[in-house]
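Scroll down for the structure; my scribbles are underneath it.
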Amino acid sequence: MPIVELIQVTKAYESKVAVSQLSLAIEAGQMFGLLGPNGAGKTSSIRMMIGITIPDSGEVRLFDRPFDRHALARVGYLPEERGLYKKMKVIDQMVFFGQLRGLTAEEARSRGIRWAEKLMIAESLEKKTEELSKGMQQKIQFICSLIHDPGLVIMDEPFSGLDPVNATLLEDTLLELKAQGRAILFSTHRMDQVEKLCDSICLVNKGEAVLSGRMREIKGRYERNRILMQFEGREDFLKSAEIAEAKNYSGHVEIKLKPHGDAQKLLHEAAQMATIYRFEMVEPSLEEIFIETVGGRADA
Amino acid sequence: MHNLLLIARREYLEQIRKRAFLISTILVPLFIGAILAFSAYSNKDLMNAGKHIAIATTDKSLASEIIAQLLNNKDERSEFDSIDGATEAQKAELTAKLKAKSIDGFVWVESQNDSVTKAMYESLSAGDIVIPEKVQGALNKVLVRRRMAQRNISPGEADALLKDVSVDVEQLNEQGQEVKSNFLATFFTGYLMAILLMMTTMQYGMNVARSVIQEKTSRIYEVVLSIAKPTEILAGKLVGAGAVGLTQIGIWGAAAVVIAGSSLATGMMNSNMHFSLSAKQIAFFTVYYLLGYLLNSSIFAGLSATCETEQELQMFVPLVTVPVALSFALIVAVINNPSGAFSVGISLFPLTAPIIMMFRMGSEMPPAWQFAASIALMLLSIWGALWVSSKLYRVGILMYGKRANLPEILRWIRYS
Numbered sequence: 015m016p017i018v019e020l021i022q023v024t025k026a027y028e029s030k031v032a033v034s035q036l037s038l039a040i041e042a043g044q045m046f047g048l049l050g051p052n053g054a055g056k057t058s059s060i061r062m063m064i065g066i067t068i069p070d071s072g073e074v075r076l077f078d079r080p081f082d083r084h085a086l087a088r089v090g091y092l093p094e095e096r097g098l099y100k101k102m103k104v105i106d107q108m109v110f111f112g113q114l115r116g117l118t119a120e121e122a123r124s125r126g127i128r129w130a131e132k133l134m135i136a137e138s139l140e141k142k143t144e145e146l147s148k149g150m151q152q153k154i155q156f157i158c159s160l161i162h163d164p165g166l167v168i169m170d171e172p173f174s175g176l177d178p179v180n181a182t183l184l185e186d187t188l189l190e191l192k193a194q195g196r197a198i199l200f201s202t203h204r205m206d207q208v209e210k211l212c213d214s215i216c217l218v219n220k221g222e223a224v225l226s227g228r229m230r231e232i233k234g235r236y237e238r239n240r241i242l243m244q245f246e247g248r249e250d251f252l253k254s255a256e257i258a259e260a261k262n263y264s265g266h267v268e269i270k271l272k273p274h275g276d277a278q279k280l281l282h283e284a285a286q287m288a289t290i291y292r293f294e295m296v297e298p299s300l301e302e303i304f305i306e307t308v309g310g311r312a313d314a
Numbered sequence: 005m006h007n008l009l010l011i012a013r014r015e016y017l018e019q020i021r022k023r024a025f026l027i028s029t030i031l032v033p034l035f036i037g038a039i040l041a042f043s044a045y046s047n048k049d050l051m052n053a054g055k056h057i058a059i060a061t062t063d064k065s066l067a068s069e070i071i072a073q074l075l076n077n078k079d080e081r082s083e084f085d086s087i088d089g090a091t092e093a094q095k096a097e098l099t100a101k102l103k104a105k106s107i108d109g110f111v112w113v114e115s116q117n118d119s120v121t122k123a124m125y126e127s128l129s130a131g132d133i134v135i136p137e138k139v140q141g142a143l144n145k146v147l148v149r150r151r152m153a154q155r156n157i158s159p160g161e162a163d164a165l166l167k168d169v170s171v172d173v174e175q176l177n178e179q180g181q182e183v184k185s186n187f188l189a190t191f192f193t194g195y196l197m198a199i200l201l202m203m204t205t206m207q208y209g210m211n212v213a214r215s216v217i218q219e220k221t222s223r224i225y226e227v228v229l230s231i232a233k234p235t236e237i238l239a240g241k242l243v244g245a246g247a248v249g250l251t252q253i254g255i256w257g258a259a260a261v262v263i264a265g266s267s268l269a270t271g272m273m274n275s276n277m278h279f280s281l282s283a284k285q286i287a288f289f290t291v292y293y294l295l296g297y298l299l300n301s302s303i304f305a306g307l308s309a310t311c312e313t314e315q316e317l318q319m320f321v322p323l324v325t326v327p328v329a330l331s332f333a334l335i336v337a338v339i340n341n342p343s344g345a346f347s348v349g350i351s352l353f354p355l356t357a358p359i360i361m362m363f364r365m366g367s368e369m370p371p372a373w374q375f376a377a378s379i380a381l382m383l384l385s386i387w388g389a390l391w392v393s394s395k396l397y398r399v400g401i402l403m404y405g406k407r408a409n410l411p412e413i414l415r416w417i418r419y420s
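Dropping the structure here:
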């Protein structure tokens, strides 16, 4: 049963089509990455899932039912830019959003405190939001969107502004939520995080899905035509007819084979003139797939 | 409703905790108190300044009689020198004294055969209007008494004849009883409504607008909109900011009662000013004030959704005065014919209703159906303004980066 589903959704603004015939579905316990260059339609898609805008055509389904505002009580949303009241105290902020989500003030307060301890910002609870750093504010935002224990978590660029330590803290939290069976969707530019965290992705460009499916399956679609190699000795084999492109970083080489290039043949050639420490055939990274798929077609 | 109240409470608490609220709430009554105290003090000073005035008459006893008349007023603090049967030489002497500033002024009265031919007041200050006024009154009274005496009217009878009478204006109220005229109260309530509406819309209506813009720029609305409806958000903000306004007016009202009860105000109040406001009038005043405030601020909330910055919003501020200016432009027609078709029409029109109704109520109580109709129309137009505003809000905030022009705004209203 998909927790959130877009079916052939189209949304056009005055001058441009933001989302066109987009379909995607996220299951419970799934971490889903919505990728795409700037202006591709990621935020427009998210806004239709949370009822800020309504699609021109197509259907949005939440918790296996047609879209209904009441279902939003079970959705947690973290916007891309800061969505906090600057003058409000952190704990008051958490209580306010908790109450809007239907919690009692006491319940919201105790949950807020628990989350703050978990994310190591308990000492900031009594401070005004504007006094805190960007990373701290992002954590508070994170808590505000999770305080009501939502079944669906939607996060627009959740890791922006975070240092590596805090980014890892949030990643771990998202993985915990996933293990608890929640559906998580996040949009990002950071391919390494998507690769590490997501089970499924949808790559959008100019409002259309250009690539979607399970991560493994997508990667499987691409040839293993890249080789990482470490050697000592002559490097004449790098001029082999099998190689399309090679970058040699003094002994560490990244090789891209020609279509239907034979890796075994290359290994054989290399072994005759150099000592080989490492010869690994790797699948393309998501970043490479992204660049290859979107290529020069992106707006930004 | 739950969301609306939560949003209203948040708005209320945030604004009431601001330093600006505290400062204006405390400073305004202090300021008004200071102005009242100062003007009461300076008025007293002006009316009864202790001056040194010489009164000289060619008549043998007129000067003494004038001074006696002047001193009938127990509050008189000026000092008078009397020179009866004065000569030209004494007049020259007085002029010299005035130049030397040993007196503040002198009165010179020439008379022949008991009839005054010339009276003048000479002083160094052109703005001295109080003394000649007083002297003229006293001189005329003395002369009238003398003429009466010549016609064999006894001083006692003369006093009875000269007794001042002031005219009391009375009005028939709804129950057919005679009451003191409400004419002043009419203006008082009308003006009070106009000032309150303008001030509170300018301050609190604009606060709503400002907080809409603030949320727009910080993108909080995305989170809130994913939970609450735009109408709930806007109505919550209006109610919250409105409650802040009422809190402040309440505090000021309490301060006003304290000030009015103090001796300060008694010096200020002219005894001719009678306000007899009935409970009904006070109730209607409150209702119309609240409705007027809500209508104005819901219009401003909508306008603010089309703005990107507070500077742009500032351009709309003069619009606050439109309902007030419109009402005042139409007042003459209402005062002359409070129950005419035109008066009824503009008292039903939502933008002018609050102020015009106050004026009409003061002159002649309008029938109940007109109150009901105008309140219903106002409620309807508040709902309408809120509906349009929330459409503008929902679409306006998603179209950040540029300010909307009129055709775009019209498109936004159709669009959702």
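Taken in sequence, the protein lines are chains U and Z.
Per our numbering, the first sequence starts with residue 15, numbered consecutively.
Per our numbering, the second sequence starts with residue 5, numbered consecutively.
For glycine and all other residues, C-beta sits at the position ideal for the given N, C-alpha and C.
Can you tell me which of the three DSSP states residue i falls into?
| i | result |
| --- | --- |
| Arg151 of chain Z | helix |
| Glu114 of chain Z | strand |
| Cys216 of chain U | strand |
| Val134 of chain Z | helix |
| Ser343 of chain Z | coil |
| His6 of chain Z | helix |
| Asn156 of chain Z | coil |
| Lys100 of chain U | coil |
| Ser43 of chain Z | helix |
| Thr62 of chain Z | coil |
| Ser302 of chain Z | helix |
| Lys6 of chain U | Within the shown structure, residues of chain U are numbered from 15 to 314, placing residue 6 of chain U beyond reach of any answer. |
| Tyr297 of chain Z | helix |
| Lys210 of chain U | helix |
| Arg240 of chain U | strand |
| Thr118 of chain U | coil |
| Arg21 of chain Z | coil |
With distance defined between alpha-carbon atoms, name the residue in the options nearest to residue i.
| i | options | result |
| --- | --- | --- |
| Glu126 of chain Z | Z:Ile231, Z:Val111 and Z:Ser119 | Z:Val111 |
| Asp392 of chain U | U:Ser58, U:Gly47, U:Ala181 and U:Val167 | Shown here, chain U extends from 15 to 314; a query on residue 392 of chain U therefore has no answer. |
| Glu95 of chain U | Z:Thr221, Z:Val321, Z:Phe375 and Z:Ser301 | Z:Thr221 |
| Lys395 of chain Z | Z:Ile303, Z:Ser347, Z:Ile27 and Z:Ala96 | Z:Ile303 |
| Ser201 of chain U | U:Met287, U:Met15, U:Pro51 and U:Gly43 | U:Pro51 |
| Val109 of chain U | U:Pro16, U:Gly97, U:Ala258 and U:Ile127 | U:Ile127 |
| Gly55 of chain U | U:Ala32, U:Glu41, U:Met45 and U:Ile66 | U:Ala32 |
| Lys100 of chain U | U:Arg88, U:Tyr91, U:Thr67 and U:Ile154 | U:Ile154 |
| Pro354 of chain Z | Z:Met382, Z:Ala58 and Z:Gly194 | Z:Met382 |
| Pro164 of chain U | U:His84, U:Ser226, U:Gln151 and U:Pro178 | U:His84 |
| Phe35 of chain Z | Z:Ile286, Z:Ser378, Z:Ala259 and Z:Ile335 | Z:Ala259 |
| Leu9 of chain Z | Z:Ala67, Z:Lys233 and Z:Thr62 | Z:Lys233 |
| Glu283 of chain U | U:Ile305, U:Gly265, U:Leu114 and U:Arg248 | U:Arg248 |
| Ile17 of chain U | U:Arg196, U:Ala26 and U:Arg240 | U:Arg196 |
In chain order, what residues of the same chain have a beta carbon less than 6 angstroms from the beta carbon of residue i, not counting five sequence neighbours either side?
| i | result |
| --- | --- |
| Lys148 of chain U | Gly175 |
| Gly89 of chain Z | Lys64 |
| Gly438 of chain Z | Outside the modelled stretch of chain Z, which goes from 5 to 420, sits residue 438 of chain Z, for which no answer is possible. |
Where does residue i land, buried or exposed, given buried means 16+ other C-beta within 10 angstroms?
| i | result |
| --- | --- |
| Val212 of chain Z | buried |
| Ile70 of chain Z | buried |
| Asp206 of chain U | exposed |
| Thr205 of chain Z | buried |
| Gly296 of chain Z | buried |
| Ser351 of chain Z | buried |
| Val261 of chain Z | exposed |
| Asp78 of chain U | exposed |
| Gln252 of chain Z | buried |
| Asn274 of chain Z | Reliability fails at Asn274 of chain Z, whose pLDDT of 46 lies under 50, so the model's placement of it is uncertain and the value that follows must be treated cautiously. Burial call: exposed. |
| Ile30 of chain Z | exposed |
| Asp170 of chain U | buried |
| Ala142 of chain Z | buried |
Going by beta carbon distance, what residues of the same chain come within less than 8 angstroms of residue i, once the five residues before and after it are set aside?
| i | result |
| --- | --- |
| Lys241 of chain Z | Ile11, Ala12, Glu15, Val212, Ser215, Val216 and Ala305 |
In chain B, which residues lie with their C-beta within 9 angstroms of the C-beta of residue i?
| i | result |
| --- | --- |
| Leu396 of chain Z | Reference to chain B is not applicable here, since the protein chains of this structure are U and Z. |
Skipping 5 residues on each side, what residues in its chain have a beta carbon closer than 7 angstroms to that of residue i?
| i | result |
| --- | --- |
| Val74 of chain U | Leu20, Val23, Met62, Met63 and Phe81 |
| Glu297 of chain U | Lys233, Tyr236 and Arg238 |
| Lys192 of chain U | Gly43, Met45 and Ile198 |
According to DSSP, what are the bridge partners of residue i?
| i | result |
| --- | --- |
| Phe111 of chain U | DSSP output for Phe111 of chain U lists no bridge partner at all. |
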